[in-house]
Amino acid sequence: MYYIDPHIHMVSRTTDDYETLAKMGCVALSEPAFWAGYDRGSVDGFRDYFEQLIGFEPKRAGWYGIQHFCWLCINAKEAENVALAREVIAMIPQFLDRPGVLGIGEIGLNKNTKNEATVFLEHIDLAIRTDEQILIHTPHLEDKYQGTRMILDMLCDDGRVNRERVLVDHVEEHTVRHVLDEGFWAGMTLYPVSKCTPGRAADIVELYGPERLLVNSAGDWGPSKPTAVPDFILEMRRRGHSESLIRRVVYDNPVAFFSQSRNFVFNPPDVTEAAGV
Ligand SMILES: [Zn+2]
Numbered sequence: 498m499y500y501i502d503p504h505i506h507m508v509s510r511t512t513d514d515y516e517t518l519a520k521m522g523c524v525a526l527s528e529p530a531f532w533a534g535y536d537r538g539s540v541d542g543f544r545d546y547f548e549q550l551i552g553f554e555p556k557r558a559g560w561y562g563i564q565h566f567c568w569l570c571i572n573a574k575e576a577e578n579v580a581l582a583r584e585v586i587a588m589i590p591q592f593l594d595r596p597g598v599l600g601i602g603e604i605g606l607n608k609n610t611k612n613e614a615t616v617f618l619e620h621i622d623l624a625i626r627t628d629e630q631i632l633i634h635t636p637h638l639e640d641k642y643q644g645t646r647m648i649l650d651m652l653c654d655d656g657r658v659n660r661e662r663v664l665v666d667h668v669e670e671h672t673v674r675h676v677l678d679e680g681f682w683a684g685m686t687l688y689p690v691s692k693c694t695p696g697r698a699a700d701i702v703e704l705y706g707p708e709r710l711l712v713n714s715a716g717d718w719g720p721s722k723p724t725a726v727p728d729f730i731l732e733m734r735r736r737g738h739s740e741s742l743i744r745r746v747v748y749d750n751p752v753a754f755f756s757q758s759r760n761f762v763f764n765p766p767d768v769t770e771a772a773g774v
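The sequence shown begins at 498 in the working numbering and counts up one residue at a time.
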């Protein structure tokens, strides 16, 4: 089945991973800006990183027939430095009309601090002023519920936010309902050691239905599995779910969400043909 991974950090992965993803049926992916493995010392570090996301990664993906899209921001971890964050936010508009840039992300909270909240709100303001979509990171483990609640409150307090153009990622059983009930899109991240497993993601689809739900692998610096979305496809098939329901979550939903971005120029494959798993 052809699929799209809507949240995967390919800068931390090898070219062999692109090849494996292509063989598994991945036809497109989107890469939110995140932590580089070190805290960048200046705004120029972010400028170079954005050039890598917009310039080189689409080429590397293209060698295997995968379309690469991206999102720009300063991540929550580095947003603790508010002065640097403001320099990055001021620079981002220069990149927003470049090919494949889908919006502002992944912004959000990491440790739920005041500085992170300040920078989150300034990113939201940027996205609204520039008419961009938003992709949001929610904190890990014990900080997740409170952080997700804080994020939803900040979004809902701003009447300018179009909730259909916001994706809240890394949802789990205790946060997904809040995100969907408020009218946002929700992403489930499939991870070997924390976050969701393919089985838990399948449970969530069974409980809530496929509307506004996405699955992704995150594929980052830590223990993560770039082929986690095919694992979800297999788990759904094992449970006897229809191909159309599975395709809705792993293909139709990402296309529907991304299509709200003016830079989402997508060349769809022939979806009547089976591919990958
Ligand atoms: Zn991420």
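Ideal Cβ positions, reconstructed from N, Cα and C, are used throughout, including at glycine. These numbers were taken from a predicted model, which means no experiment stands behind them.
query = Counting Cβ pairs, one atom from each stretch, are 3 or more of them under 8 Å apart for the region 553-572 and the region 583-601?
reply = In this structure the region 553-572 touches the region 583-601; the number of beta carbon pairs closer than 8 Å is three or more.
message = Given the structure, does LYS761 come close to ligand 1, in the sense that its CB is under 7 Å from one of the ligand's heavy atoms?
response = Note on identity: in this sequence residue 761 is Phe, with Lys being the wrong assignment. Not one heavy atom of ligand 1 lies closer than 7 Å to the C-beta of PHE761.
message = Can you give me the C-alpha to C-alpha distance between GLY644 and GLU584, rounded to a whole angstrom?
response = Take the alpha-carbon of GLY644 and the one of GLU584: they are about 25 Å apart.
task = Identify, in the order they occur along the chain, each residue of the same chain with its Cβ nearer than 6 Å to the Cβ of MET507, setting aside the five sequence neighbours on each side.
result = Sequence-distant Cβ neighbours of MET507 in its own chain, meaning closer than 6 Å and more than five residues away, are GLU528, GLU554.
request  = For PHE543, verify whether its CB is less than 7 Å away from any heavy atom of ligand 1.
outcome  = Outside the cutoff, so no.
query = Can HIS634 be considered in contact with ligand 3, in the sense that its beta carbon sits closer than 7 Å to one or more heavy atoms?
reply = No copy of ligand 3 occurs in the structure displayed; its ligands are ligand 1 alone.
task = Look at ASN609 and MET647 and say whether their C-beta atoms are less than 8 Å apart.
result = The answer is yes: Cβ separation under 8 Å.
query = Where does GLU548 land, buried or exposed, given buried means 16+ other C-beta within 10 angstroms?
reply = The residue is exposed, with fewer than 16 neighbouring Cβ atoms inside 10 Å.
key: Unbroken stretches of the alpha helix (DSSP H), 4 residues or longer, contained in the region 554-599   = Runs of the alpha helix (DSSP H) spanning 4 or more residues and lying entirely within the region 554-599 occur at 554-559, 579-588, in chain order.
For TRP682, the residue or residues it bridges with in DSSP = Within the DSSP bridge table, the entry for TRP682 names LEU664 as partners.
inquiry  = Beta-carbon within less than 6 Å of HIS671's beta-carbon, same chain only, minus the 5 sequence neighbours each way: which residues are those?
reply    = Same-chain partners within the cutoff: TYR642.
The region 630-639 in contact with the region 650-665 per 3-pair CB rule at 8 Å = Yes, they touch.
key: With 16 other Cβ atoms within 10 Å as the buried cut-off, status of PRO456   = The shown model of the chain, from 498 to 774, leaves out residue 456, and the question about it has no answer.
ask   = In whole angstroms, what separates the C-alpha of TYR546 from that of ILE730?
value = A direct Cα-Cα distance of roughly 32 Å separates TYR546 from ILE730.
3 or more residues per run - each beta strand (DSSP E) lying fully within the region 523-556 = Fully enclosed beta strand (DSSP E) runs of no fewer than 3 residues occupy 523-529 of the region 523-556, in order along the chain.
ask   = Beta carbon of PHE617: closer than 7 Å to some heavy atom of ligand 1?
value = No, since every heavy atom of ligand 1 falls outside the 7 Å radius drawn around the Cβ of PHE617.
query = Since LEU638 is in the beta strand (DSSP E), which residue starts that stretch and which ends it?
reply = It is not in any beta strand (DSSP E) - LEU638 carries neither H nor E in the DSSP assignment.
inquiry  = Please tell me whether, using a cut-off of 7 Å, the distance from the CB of PRO503 to the nearest non-hydrogen atom of ligand 1 is below it.
reply    = Proximity of the beta carbon of PRO503 to ligand 1 is not indicated: no heavy atom of the ligand is located closer than 7 Å.
query = Out of curiosity, what's the CA-to-CA distance linking ASP640 and ASN607?
reply = Those two C-alpha atoms are separated by around 8 Å.
key: CB of TYR748 within 8 Å of CB of TYR500, strictly   = With respect to TYR500, TYR748 sits close: the two C-beta atoms are nearer than 8 Å.
task = Give a single yes or no on whether PHE531 has its beta carbon closer than 7 Å to a heavy atom of ligand 1.
result = Indeed, a heavy atom of ligand 1 lies less than 7 Å from the Cβ.
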